[in-house]
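Visitor: At position 297 of the sequence shown (counting the first as 1) the number is 297 in the UniProt record's numbering, and the numbers step up by one without a gap.
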Amino acid sequence: VLIHAVAVLAAAKLVFALQDVVIKEMSQTYAVHQIMVIRSVSAFPVLLGLVLFTHKSLALNSPRKLLLLLRGVLMAGAFLFFYLALSAMPLTTVTVLFFTAPFFIMVFSIPLLGERVEPSRWLAVIVGFVGVVIVVRPDTASFGIESTLPVIAAVLYAACQVLARRVATQESAAVMTFYANVAFLAFGIVLALALVVIKPDPAAGVSVQFLLRTWSMPDPIDLLFLVLTGVSMGIGFALSTQAYRVMEAHRLAPFEYIMLLWVVLLSYLAWSELPDVNTMVGSLIIIGSGLYVLNRSPSIID
1 VLIHAVAVLA AAKLVFALQD VVIKEMSQTY AVHQIMVIRS VSAFPVLLGL VLFTHKSLAL
61 NSPRKLLLLL RGVLMAGAFL FFYLALSAMP LTTVTVLFFT APFFIMVFSI PLLGERVEPS
121 RWLAVIVGFV GVVIVVRPDT ASFGIESTLP VIAAVLYAAC QVLARRVATQ ESAAVMTFYA
181 NVAFLAFGIV LALALVVIKP DPAAGVSVQF LLRTWSMPDP IDLLFLVLTG VSMGIGFALS
241 TQAYRVMEAH RLAPFEYIML LWVVLLSYLA WSELPDVNTM VGSLIIIGSG LYVLNRSPSI
301 ID
């Protein structure tokens, strides 16, 4: 079960890493709500196909609509804050800060899922946050308000994944992903409507500009990339949700770090960027802490 879940999660992380590269490039030209809307609309055909394949019908009616939509809102919020950070910070740095998500998943799994976490794993989490501090370097000029955005995204993402575990026995990954995309689309539309009365300040920072920029028609190549990331978003969401359906949340959480491998590789290919020494050292500490959390768990390979 563990090997299957990790393989599915790794595939999801590759999809999301590719999307992040595209989003970072698009963030200098288009508005975040525009990207969210185009991606959501593009994802619907894939998600409907997944539901049809899973249920042999478009079985979208659920007695847990509100819970599924709440999970979707949390997911949309997580992506919003992540994208805003991405517009102003290096992809590797944003990703490493987002690596606090597995720690929050472990914390949330205690009251919400009734999972037990021994003291040694709490210590591993503390060590992991030391690694985050090494990466962020809060005592330097490079530290700013943007550094908090990926952490906020991590908290929302963690809550979303724990909720996925709560409804895993009643809902398929396809249905959960479909409702998440509905919330994602609604989130983008609400932001777009809010900009009718809110105008961006030309002197605002990069992230604020990305948030408040008005809608503009993308050129054909950019539109193609946005549509393709929307299609892959549906696939990535389904893979990630499926992984957390088949494995306990806090045990699968350390493997969220697989994302770093894809991000480093793609950052080098896209921008010839490599992580600095602080980022490498901090990342190793974070990954080591996460792996310790897993290794101290009872055997779950069957």
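Every residue gets a Cβ at the ideal spot worked out from N, C-alpha and C, and that includes glycine.
Extract the residue ranges of the alpha helix (DSSP H) inside the UniProt domain "EamA" (151-289), only unbroken runs of 4 or more that lie entirely within it.
Guide: Within the UniProt domain "EamA" (151-289), the complete alpha helix (DSSP H) runs of at least 4 residues are 173-194, 206-212, 220-246, 249-252 and 258-271.
Visitor: So what does DSSP say about residue 139, is it helix, strand or coil?
Guide: If DSSP states are grouped into helix, strand and coil, residue 139 belongs with coil.
Visitor: What does a CB cutoff of less than 6 Å around residue 289 pick up in its chain, not counting 5 residues either side in sequence?
Guide: Cβ neighbours of residue 289 beyond the five flanking positions: 124, 127 and 128.
Visitor: Would you check if the distance between the CB atom of residue 226 and the CB atom of residue 26 is smaller than 8 Å?
Guide: In contact: residue 226 and residue 26 (Cβ atoms closer than 8 Å).
Visitor: Which residue marks the beginning of the alpha helix (DSSP H) containing residue 89, and which one marks its end?
Guide: Segment: none, residue 89 is in no alpha helix (DSSP H) and carries neither H nor E.
Visitor: Taking all protein chains shown into account, decide if residue 229 is buried (16 or more other Cβ within 10 angstroms of its Cβ) or exposed.
Guide: Counting Cβ neighbours within 10 Å, residue 229 comes out buried, since at least 16 surround it.
Visitor: Counting Cβ pairs, one atom from each stretch, are 3 or more of them under 8 Å apart for the segment 88-107 and the segment 212-227?
Guide: Judged by Cβ distances under 8 Å, the segment 88-107 makes no contact with the segment 212-227, as fewer than three pairs qualify.
Visitor: Rounded to a whole number of angstroms, what is the C-alpha to C-alpha distance between residue 73 and residue 184?
Guide: Their backbone Cα atoms lie some 7 Å apart in a straight line.
Visitor: Write down the C-beta distance between residue 306 and residue 6 rounded to the nearest angstrom, noting that I regard them as a contact closer than 8 Å.
Guide: This structure cannot settle anything about residue 306, because the visible part of the chain is limited to 1 through 302.
Visitor: Take the Cβ of residue 170 as the centre, count every other Cβ of all protein chains shown within 10 Å, and call the residue buried at 16 or more, exposed below.
Guide: It counts as exposed.
Visitor: State the DSSP-derived secondary structure class of residue 27, mapped to helix, strand or coil.
Guide: Correct three-state label for residue 27: coil.
Visitor: Go ahead and pull the three-state DSSP assignment for residue 40.
Guide: Note: residue 40 maps to helix in three-state DSSP.
Visitor: Only counting the same chain, and skipping five residues up and downstream in sequence, which positions put a Cβ closer than 6 Å to that of residue 42?
Guide: So the qualifying residues of the chain are 227, 230 and 231.
Visitor: Just to confirm my understanding: we take residue 130, look at its own chain, exclude 5 residues before and 5 after, and list those with CB closer than 6 Å. What are they?
Guide: There are no such residues.
Visitor: Answer yes or no: do residue 88 and residue 188 have a C-beta to C-beta separation smaller than 8 Å?
Guide: No; because the gap between Cβ atoms is not below 8 Å, this pair is not in contact.
Visitor: Write down the C-beta distance between residue 84 and residue 210 rounded to the nearest angstrom, noting that I regard them as a contact closer than 8 Å.
Guide: 6 Å between Cβ atoms; contact.
Visitor: Using only alpha-carbon positions, find the residue among 155, 247, 20 and 167 that is nearest to residue 86.
Guide: When only C-alpha atoms are compared, the closest one is 20.
Visitor: Which residues in the same chain have their Cβ closer than 7 Å to the Cβ of residue 246, if we skip the five residues on either side of it in sequence?
Guide: 1, 4 and 5, listed in sequence order.
Visitor: Assuming residue 163 and residue 71 are in contact, meaning their beta carbons sit under 8 Å apart, how far apart are those beta carbons, in whole angstroms?
Guide: Confirmed, about 4 Å.
Visitor: Counting only the same chain and skipping the five closest in sequence on each side, list residues whose C-beta sits under 7 Å from that of residue 215.
Guide: Hits under 7 Å: 31, 34 and 192.
Visitor: Who are the near neighbours of residue 81 in its chain, counting only those whose CB is closer than 6 Å to its CB and skipping five residues on each side?
Guide: Result list for residue 81: 149, 152 and 153, in chain order.
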